[in-house]
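What follows is one structure encoded as structure tokens, with my remarks underneath.
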Amino acid sequence: MGLGALALALTVTASACGTTDTGGSASEDGACEGKIGVMGALSGANSSIVLPSVDGAKLALKQWSEENTDCDIELVEFDTEGDPAKATPVATKMATDDTFLGVIGGAFSGETRATKSIYGDAGLTMISQSATATDLTQEDQSPVFHRVVGYDDVQGAAIAKYLSDVVGAKKVFVIDNSDAYGEPLAAKVSEELGDLVTASDKTQVAQTDFSPTVSKVNSSKPDAIFYGGYIAEAAPLLKQLRDAGIDVPFVGGDGLYGADFGKAAGAAGEGAIITCPCVPIEDGTFAEDFEAETGAAPGAYAAEGFDAMTIFLDAIADGARTREDIEAFVDDYDEQGLTKQLAFDENGDIAVENVVIWAYKVVDGQLVPDQEISLS
Amino acid sequence: MDFNALIDGLGGHTLDGLTRGSIYALVALGYTMVYGVLRLINFAHSEVFMVGTWTVLGVYTVLGADSESAMPMVIFATLTALVAAALASASVALAVERIAYRPLRKKNAPPLIFLITAIGCSLVLVEIFGHVLKVFFGAPFGRAPVNVPSPIQTHTLLTIGDVRITNVQVFIILGAVLMMVALDLFVNRSRLGRGVRAVAQDPDTAALMGVNQDRVIMLVFILGGAMAGVAGLLFTINFDITKFDIGFIIGIKAFTAAVLGGIGNLRGALVGGLLLGIVEVYASAVFSSNWADVTAFIVLVLVLMFRPTGLLGESLGKARA
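Quick look at the structure:
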């Protein structure tokens with residue numbers, strides 16, 4: 419009862435502040451100042467999927483601030499370790515602090531699902547750089563949630579297309595990790611592939627011994643394998659498949675898109691294909707600027723982080739000073755970003771025709787852009 | 069459900085199960101010996117195993133052993149890793165006993181205090197590898213999975229019918245069984261082993277008969293730790309990977325294996341480990357891999373319903389242990 423009352427009190431506070439802040443402190447004098455929050459797994463096993471996007475957002479802010487010296491916009495980082503339970507207090511904190519005008523994130527779908535009603539009650543606009551679960555926009559819409567990436571159903575269809583058209587596979591073995599990300603993604607891939615799926619297996623998070631899966635793959639003799647899941651399990655799975663002499667193409671979703679995949683998989687990882695709704699940026703100065711700023715090439719979702727921050731900065735430059743202004747501006751936004759044409763439909767999604775899915779290949783342990791997967 | 073898949077590949081699945089179970093069994097020895105002597109579930113034992121896997125990574129890195137290494141180097145690196153991992157794991161197990169458990173024993177702390185201390189030690193060790201060492205030394209420490217080089221390359225030794233037997237499987241099963249036979253002989257035949265059995269049976273009488281109880285307890289932690297270190301080597305040879313929390317699942321499974329076989333019973337750990345491994349692999353074959361745990365724990369519950377002391381009973385102290 420105590421916890422329930424506390425949660426209720428927090429929600430009430432959050433929504434109260436949300437409504438009062440439309441005339442809040444950041445806006446009254448019309449001064450160009452405020453905070454943008456970014457929340458995600460800044461530490462932990464999956465942080466290599468998130469940190470580059472935060473650097474991308476920082477770069478956008480730095481470049482913008484050099485041109486808009488009269489403004490004082492701050493990017494505040496919140497580490498959730500990707501854990502919904504840790505994301506909820508972070509969301510409450512930002513929602514109740516009037517100085518926050520927008521949120522970049524959540525980086526993962528689970529934490530986004532757990533927090534979007536908190537932000538929704540406070541009227542605080544979210545732009546996610548990498549939360550791709552389909553239900554976030556397709557089933558349970560939120561007025562404040564937007565994302566600059568395509569969702570998993572689109573990615574699943576692209577993966578199926580890649581497997582059938584590019585790999586030319588006739589028999590695909592589909593494996594997933596039984597969790598909220600891997601299972602629906604693999605289900606979508608299977609649905610699109612139809613008869614091309616020869617067999618499948620469901621594994622577990624934190625599993626290391628995949629010998630039963632390897633036996634199943636061995637007996638069904640596929641000409642390609644798809645895995646929906648994350649790095650920690652994909653690395654030993656791939657190693658055991660290769661050790662068993664199974665050398666057919668291995669394709670994984672964006673859960674494997676992080677610099678740690680090559681490190682964890684070692685030699686077995688070579689040639690693996692990883693798809694991602696994130697775009698490699700080779701034109702312009704973004705890659706150079708990013709490298710000069712962070713000392714590393716743009717990693718996972720770096721350009722998406724840059725795009726998300728740019729939308730907020732454009733809103734502020736346009737004179738938006740309240741959460742309401744920002745939300746209205748973002749809803750009507752329609753500009754060419756680094757990664758794609760950035761405009762949101764009523765669910766907060768990028769139009770499917772503007773979504774770009776890329777296939778990356780592991781070469782010498784690094785993720786190298788291989789080709790764009792045509793969605794049409 | 070696909071019973072044909074199980075029956076068609078029965079030989080291969082059994083071999084996979086034995087490989088998986090061998091590692092469970094080796095780790096289970098540590099739980100079972102400590103329980104036999106102290107009636108304590110040493111939850112920090114899973115991290116003793118984890119330290120073993122990291123030691124193997126360290127030895128390979130220092131020696132520069134990898135998949136390209138020549139045969140003499142492979143043998144040298146593997147033996148060095150074996151000794152180093154056993155020593156490192158034994159040292160950690162001993163350190164946990166000296167730092168955490170002994171002071172509690174001197175004060176006659178209730179069993180619950182030991183239990184929570186064990187869980188605390190486990191978390192401390194996990195965070196040392198996941199956080200503290202990263203702060204001081206950076207990668208490869210931290211929370212990301214790390215690739216361990218593999219001087220021993222997997223290749224097929226022989227094929228019987230459809231069953232492919234690899235060098236790694238033979239190495240793991242033989243290695244684990246040899247270690248367990250050696251430990252069994254040590255406990256049952258040697259003078260020090262008699263001391264262990266005496267303390268397990270009746271600590272007070274053993275003390276009256278001149279057995280140094282503290283020394284026996286140290287010995288038990290060292291032996292259990294060394295076995296976990298060897299398990300760490302066998303695990304990395306098979307999977308080429310380690311992680312700060314790699315011990316968690318293995319630890320739970322090994323503890324389960326110990327209970328299944330009869331905790332406190334050395335041969336029970338072997339039987340429980342192998343049985344658990346085989347049940348998991350069979351369940352994965354019949355259903356899908358995410359049914360392994362459910363089925364394994366149903367088997368555990370069923371066994372305990374009819375034999376509450378496990379398959380072979382709790383008996384480190386008894387002569388037949």
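Here the protein sequences line up with chains A and B, keeping their order. In this note's numbering, each residue carries its 1-based index in the first sequence increased by 418. In this note's numbering, each residue carries its 1-based index in the second sequence increased by 68. Idealized CB from N, CA, C, for every residue including glycine.
Counted within 10 angstroms of its Cβ, other Cβ atoms place residue i as buried (16 or more) or exposed
i         : result
B/Ser-258 : exposed
B/Val-392 : Chain B is shown from 69 up to 389; residue 392 of chain B falls before or after that span and cannot be answered.
A/Gly-442 : In this prediction, A/Gly-442 scores a pLDDT of 39, lower than 50, which makes its location untrustworthy; the coordinate-derived value is nonetheless stated afterwards. A/Gly-442 is buried by the Cβ-count criterion.
B/Ala-358 : First, the amino acid is wrong: residue 358 of chain B is Asn here, not Ala. Counting Cβ neighbours within 10 Å, B/Asn-358 comes out buried, since at least 16 surround it.
A/Thr-437 : With a pLDDT of only 41 at A/Thr-437, under the threshold of 50, the placement of this residue in the model should not be trusted, and no figure is reported.
B/Val-203 : exposed
B/Asn-110 : buried
B/Asn-176 : exposed
B/Leu-253 : exposed
B/Asn-72  : exposed
B/Met-139 : exposed
B/Pro-178 : exposed
A/Gln-556 : exposed
A/Gln-754 : exposed
A/Gly-663 : exposed
B/Phe-197 : buried
B/Leu-291 : buried
Alpha-carbon spacing of residue i relative to residue j, whole angstroms
i         : j         : result
B/Lys-321 : B/Val-116 : 15 Å
A/Glu-474 : A/Ala-721 : Residue identity check: residue 474 of chain A is Gly in the sequence provided, not Glu. Approximately 6 Å between the Cα atoms of the pair.
B/Val-279 : A/Asn-595 : 52 Å
A/Asp-553 : B/Val-238 : 47 Å
A/Gly-541 : A/Leu-493 : 19 Å
B/Met-373 : B/Ser-190 : 30 Å
B/Val-151 : B/Thr-310 : 18 Å
A/Lys-634 : B/Thr-121 : 28 Å
B/Gly-319 : B/Gly-89  : 12 Å
A/Ala-444 : A/Thr-728 : Annotation note: pLDDT 43 at A/Ala-444 (below 50); position unreliable, coordinate value reported separately. The alpha-carbon atoms of A/Ala-444 and A/Thr-728 are separated by roughly 20 Å.
A/Val-770 : A/His-564 : 14 Å
A/Ala-738 : A/Ala-777 : 37 Å
A/Gly-687 : A/Ala-653 : 7 Å
B/Tyr-103 : B/Ala-326 : 10 Å
B/Gly-194 : A/Asp-752 : Note that residue 194 of chain B corresponds to Val in the displayed sequence, not to Gly. Spanning the two alpha carbons is a distance of roughly 48 Å.
A/Ser-535 : A/Ala-733 : 23 Å
A/Glu-529 : A/Ile-643 : 29 Å
A/Pro-502 : A/Thr-543 : 18 Å
A/Glu-484 : A/Phe-591 : 51 Å
B/Gly-85  : B/Arg-283 : 37 Å
B/Ile-228 : B/Val-245 : 22 Å
B/Gly-243 : B/Val-236 : 10 Å
B/Val-362 : B/Leu-368 : 10 Å
Rounded distance between the beta-carbons of residue j and residue i, thought under 8 Å
i         : j         : result
A/Gly-673 : A/Leu-785 : A/Gly-673 to A/Leu-785, Cβ: 13 Å. No contact.
B/Asn-306 : A/Gly-684 : Wrong, their Cβ atoms sit about 14 Å apart, outside the cutoff.
A/Phe-762 : A/Val-773 : 12 Å between Cβ atoms; not a contact.
A/Asp-570 : A/Leu-603 : 5 Å
B/Phe-316 : B/Ser-137 : Actually they are not in contact, since the Cβ atoms of B/Phe-316 and B/Ser-137 sit about 31 Å apart, beyond 8 Å.
Closest by C-alpha distance to residue i, when choosing among the options
i         : options                                       : result
B/Thr-185 : B/Leu-253, B/Arg-170 and B/Leu-83             : B/Arg-170
A/Pro-561 : A/Asp-570, A/Ala-551 and A/Ile-545            : A/Ile-545
B/Val-127 : B/Ala-149, B/Ala-294 and B/Ser-114            : B/Ala-149
B/Ala-156 : B/Gly-378, B/Ala-296 and B/Asp-361            : B/Ala-296
A/Ser-548 : A/Ile-768, A/Cys-696, A/Gly-737 and A/Arg-741 : A/Cys-696
B/Tyr-92  : B/Glu-348, B/Gly-77 and B/Leu-379             : B/Glu-348
B/Val-371 : B/Pro-140, B/Val-339, B/Ala-294 and B/Val-192 : B/Val-339
B/Val-267 : B/Met-248, B/Leu-287 and B/Leu-251            : B/Leu-287
A/Glu-745 : A/Gly-520, A/Thr-530, A/Phe-591 and A/Asp-516 : A/Gly-520
B/Thr-324 : B/Leu-125, B/Gly-378 and B/Pro-271            : B/Gly-378
A/Gly-455 : A/Lys-511, A/Asn-765, A/Thr-740 and A/Glu-706 : A/Lys-511
A/Val-623 : A/Gly-646, A/Val-615, A/Gly-612 and A/Ser-637 : A/Gly-646
A/Thr-621 : A/Gln-481, A/Ser-638 and A/Asp-597            : A/Asp-597
Proximity test, residue i beta-carbon vs the ligand ZN heavy atom, cut-off 7 Å
i         : result
A/Phe-518 : Looking at this structure, you won't find the ligand ZN or any other ligand, since it has none at all.
Item to complete: Closer than 9 Å, Cβ to Cβ, to anything on chain A: give me those residues from the region 205 to 220 of chain B, in chain order.
Response: Ala-207, Pro-208, Gly-210, Arg-211, Ala-212, Pro-213, Val-214, Asn-215, Val-216, Pro-217 and Ser-218
Practice prompt. Check distances from the C-beta atoms of the region 350 to 380 of chain B to those of chain A and list, in chain order, the residues that come in under 8 Å.
Written response: Ser-352, Ala-353, Ser-356, Ser-357, Asn-358, Ala-360 and Asp-361
Practice prompt. Please name the residues in the region 302 to 332 of chain B whose beta-carbon is closer than 9 Å to at least one beta-carbon of chain A, in chain order.
Written response: Phe-303, Asn-306, Phe-307, Asp-308, Ile-309, Lys-311, Phe-312, Asp-313, Ile-314, Phe-316, Ile-317 and Ile-318
Discussion item. For the region 673 to 684 of chain A, list every residue whose C-beta sits within 8 Å of some C-beta in chain B, in sequence order.
Written reply: Asp-678, Lys-681, Ala-682, Ala-683 and Gly-684
Worksheet item: What residues in the region 216 to 247 of chain B have a beta carbon less than 7 Å from any beta carbon of chain A?
Response: Thr-222
Worksheet item: Along the region 449 to 478 of chain A, what residues have a CB closer than 9 Å to any CB found in chain B?
Response: Ser-461, Gly-462, Ala-463, Asn-464, Ser-465 and Ser-466
Item to complete: Check distances from the C-beta atoms of the region 129 to 152 of chain B to those of chain A and list, in chain order, the residues that come in under 7 Å.
Response: Ser-135
Fill in: Under 8 Å (Cβ pairs) to chain B, residues found in the region 498 to 529 of chain A
none
Worksheet item: When you check each C-beta in the region 73 to 86 of chain B against every C-beta of chain A, which residues fall closer than 9 Å?
Response: Ala-73, Asp-76, Gly-77, Gly-80, His-81, Leu-83, Asp-84 and Gly-85
Item to complete: Anything in the region 638 to 667 of chain A with a Cβ closer than 7 Å to a Cβ of chain B? List those residues in chain order, please.
Response: Ile-649, Ala-650, Ala-653, Pro-654, Lys-657 and Asp-661
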